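Heads up, the thing below is written out as structure tokens.
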Amino acid sequence: MTHSSATTPAPGSPRGRRTRLLALAACATLSLVTLTACGSSASSGSATQSSSQPAEITFWTWTKNADKVVAEFNRTHKDVHVTLSQTVGGTTGYAKDFAAIKAGNGPDLFNVEYSELPNFVAQGDVQDISSLIGSPASSALGTAMPLTSLGGKTWAVPFDIEPTVFYYRKDLFQKYGLTVPTTWDQFKTDAAALQKAAPGTHLVNFPTDDASVFAAMAWQAGAQWFSTGGDTWKVNFQDPATQKTAAYWQGLIDAGQVSTYLSSSPALTADLNSSKDIGMISGPFEGAYLKTMATSSAGKWAVAPLPTFDGTPAAGAVGGSSYAVSKDSKHAAAAVEFATWMSTNADAVATRVAGGASSALPADPAMDTVAQKSFDASFYGGQDIYSLNKQAAATIKSGWTWGPLMVSTWADFADPWAKLGKGGTIASALQSAQTQTVSQIKAAGLNVQG
45 MTHSSATTPA PGSPRGRRTR LLALAACATL SLVTLTACGS SASSGSATQS SSQPAEITFW
105 TWTKNADKVV AEFNRTHKDV HVTLSQTVGG TTGYAKDFAA IKAGNGPDLF NVEYSELPNF
165 VAQGDVQDIS SLIGSPASSA LGTAMPLTSL GGKTWAVPFD IEPTVFYYRK DLFQKYGLTV
225 PTTWDQFKTD AAALQKAAPG THLVNFPTDD ASVFAAMAWQ AGAQWFSTGG DTWKVNFQDP
285 ATQKTAAYWQ GLIDAGQVST YLSSSPALTA DLNSSKDIGM ISGPFEGAYL KTMATSSAGK
345 WAVAPLPTFD GTPAAGAVGG SSYAVSKDSK HAAAAVEFAT WMSTNADAVA TRVAGGASSA
405 LPADPAMDTV AQKSFDASFY GGQDIYSLNK QAAATIKSGW TWGPLMVSTW ADFADPWAKL
465 GKGGTIASAL QSAQTQTVSQ IKAAGLNVQG
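If you're matching positions, the sequence shown starts at 45 in our numbering and goes up one per residue.
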């Protein structure tokens, strides 16, 4: 998901926000692999029991096929009726969410990525839904529940898991004699060989409007941008793993061996279709988007695990979203019923994925096969990308913590990140973003080091 630059609305009461942020600091670490104290089982009770009376709920989302998903739910459920509002993703969409909730006009249910969820919790914009998720749902979504759990409470229903993977043109790798890399050293060798064999052709694009891809690669290398000690947040965008990752990619940028386009720019689309960019680093969700961008090379792409520095399989995560209930909702149980259905019901997942509209890896393992059967993989030569993505998800490094104000943090990256490839450096961008992030956390009334 691209995090475009936008101004985040001012938070609410500093005192109330400080209390919530301190609660986050007390239990901040999110893990895809290990269930922590933050991800304790949901309280007893279920959404279906609480929503026996007809309820009208609103749902805001940026996902494709949402109209079909909502129609299927409304067709099969008589106690809840959902009205859909299609929104945009990224920081622009979150600005709309913040403004609407602040004005008391928020939706009952809305999409929020895992990285941004703590921001909504900190501002008191979402409801604790711990008691509304029944045991069947919490068990089905168990390995993803820590992603939506903070301070021992559950704040959203997870939908997908998005490990970093490598998309590549298998025909062009063969043409240029390139080896599908398992290490970053081999990736660099491939990039240099490609540059020599086909000047002006790049192995991948390094997106200059989306720092989350770089964050995922630093995560993979063992970085920890945020941590907590007592009641203090610690911010470090320049730890050894991040510096190593930054130096590596700066070298590729300086050598002209990667392009530096915006992630959804016409220039990148043109290069993909003219075989000038022959790979991409992203999450499973990208599988569907790439099909719409590189239409001229259908059937010629494949997916592989992301290379690592030491050759040991590992991944970070980029993107991944959940369904949160806004504080304005008077029908939280009905909203959770709908959210749970979207994440754990075969008809819901099949409808969302149908026609190649989505390639997200479901958080519920039981839905993997459903998604795999519903997704048209002909663009990838029939490769079972879901099995590969599932294997990659199992290698996501634990211990990564998202900061309390990530919507603002991503915006802090926007200007310096846009200068990459134009004289700016990753190191200076990291320093700038860290300085601004620390200042914002201080302004929120929290103790912070960094």
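Glycine included, C-beta positions come from ideal geometry on N, C-alpha and C. Everything numeric in this text was worked out from a predicted model, so none of it was measured.
Does S483 come out as helix, strand or coil in the three-state DSSP assignment? helix
Given that a residue counts as buried once 16 or more other Cβ atoms are within 10 Å of its Cβ, and exposed if not, what is D456? Within 10 angstroms of the beta-carbon of D456 lie 16 or more other beta-carbons, which makes it buried.
Beta-carbon separation (whole angstroms), D506 vs S341, contact threshold 8 Å: Residue 506 lies beyond the range of the chain shown here (45 to 494); nothing can be said about it.
With a CB to CB cut of under 8 Å and the five nearest residues on each side skipped, what residues in its chain are close to G351? Sequence inspection shows Pro at residue 351; the Gly mentioned does not correspond to that position. Closer than 8 Å at the Cβ level, and outside the excluded window around P351, lie F210, P225, T226, T227, W228, Q230, F231.
Buried/exposed call for Q44, threshold 16 Cβ in 10 Å: Lying before the first or after the last residue shown, residue 44 is absent from the chain, which here runs from 45 to 494.
Note down the Cα distance separating S256 from E206, rounded to an integer number of angstroms. 12 Å
In the DSSP assignment, what residue or residues form a beta bridge with H375? Paired residues: none, contrary to the question.
One question on the structure: do L185 and S422 come within less than 8 Å of each other, judged by their Cβ atoms? no
Go ahead and label A290 buried or exposed: buried means 16 or more other beta carbons lie within 10 angstroms of its beta carbon, across all protein chains shown. buried
Report the start-end ranges of each beta strand (DSSP E) in the region 296-331 that is 3 residues or longer and not cut off at the edges. 323-326
So I101 is in the beta strand (DSSP E); what residue range does that whole segment cover? 99-105
Could you check what DSSP says for V126 in three-state terms: helix, strand or coil? strand
P349: first and last residue of the uninterrupted alpha helix (DSSP H) it sits in: That residue, P349, is in no alpha helix (DSSP H); its beta strand (DSSP E) goes 345-349.
Proximity below 8 Å, CB of G360 to CB of W446: no
Start and end residues, beta strand (DSSP E) containing G134: Annotation: G134 is outside any beta strand (DSSP E); the continuous alpha helix (DSSP H) that includes it extends over 134-146.
DSSP three-state call for K214: helix, strand or coil? In the three-state DSSP reduction, K214 falls in the helix class (H, G or I).
Assumed close pair Q171, V369 - CB separation to whole angstroms, cut-off 8 Å: 5 Å
Taking all protein chains shown into account, do 16 or more other C-beta atoms lie within 10 angstroms of the C-beta of I470, making it buried, or fewer, making it exposed? When all chains shown are included, I470 counts as buried.
With distances taken between CB atoms, is the gap from K371 to D169 smaller than 8 Å? Between K371 and D169, the CB-CB gap stays under 8 Å.
Would a C-beta distance cut-off of 8 Å place V380 and L176 closer than the cut-off? yes
If we count the other Cβ atoms within 10 Å of its Cβ and call it buried at 16 or more, is S271 buried or exposed? buried
Let me know the secondary structure DSSP gives L334 once reduced to three states. helix
Would you decide whether K486 is buried or exposed? Buried here means 16 or more other CB atoms lie within 10 Å of its CB. Under this definition K486 is an exposed residue.
Measure the C-alpha to C-alpha separation of T453 and K108 and round it to an integer number of angstroms. 27 Å
What is the DSSP secondary structure of W385, counted as helix, strand or coil? helix
Can you pull the DSSP bridge partners for N155? Y367
Would you list the one or two residues that DSSP bridges to N491? T276
Report all residues from its chain with a CB closer than 6 Å to the CB of V492; omit the five preceding and five following residues, and keep chain order. W277, V482, I485, K486
The alpha helix (DSSP H) enclosing P180, as first and last residue numbers: From DSSP, the alpha helix (DSSP H) with P180 extends over 179-184.
Express the C-alpha separation of K288 and L312 in angstroms, rounding to a whole number. If I take the Cα positions, the gap works out to 27 Å.
Is K288 helix, strand or coil when you go by DSSP? Annotated three-state conformation of K288 is helix, per DSSP.
CA nearest to the CA of A390, picked from K335, L161, T413: Between A390 and the set K335, L161, T413, the nearest pair of CA atoms involves T413.
If you reduce the DSSP assignment to three classes, tell me which class V362 lands in. coil
Grouping DSSP H, G and I as helix and E and B as strand, with all else coil, what is I470? Looking at I470 - three-state DSSP - the assignment turns out to be helix.
Which residue marks the beginning of the beta strand (DSSP E) containing V201, and which one marks its end? 200-202 is the extent of the beta strand (DSSP E) around V201.
Can you name, in chain order, every residue of its own chain whose Cβ lies under 6 Å from the Cβ of W104, other than the five neighbours on each side? S129, T131, P151, F154
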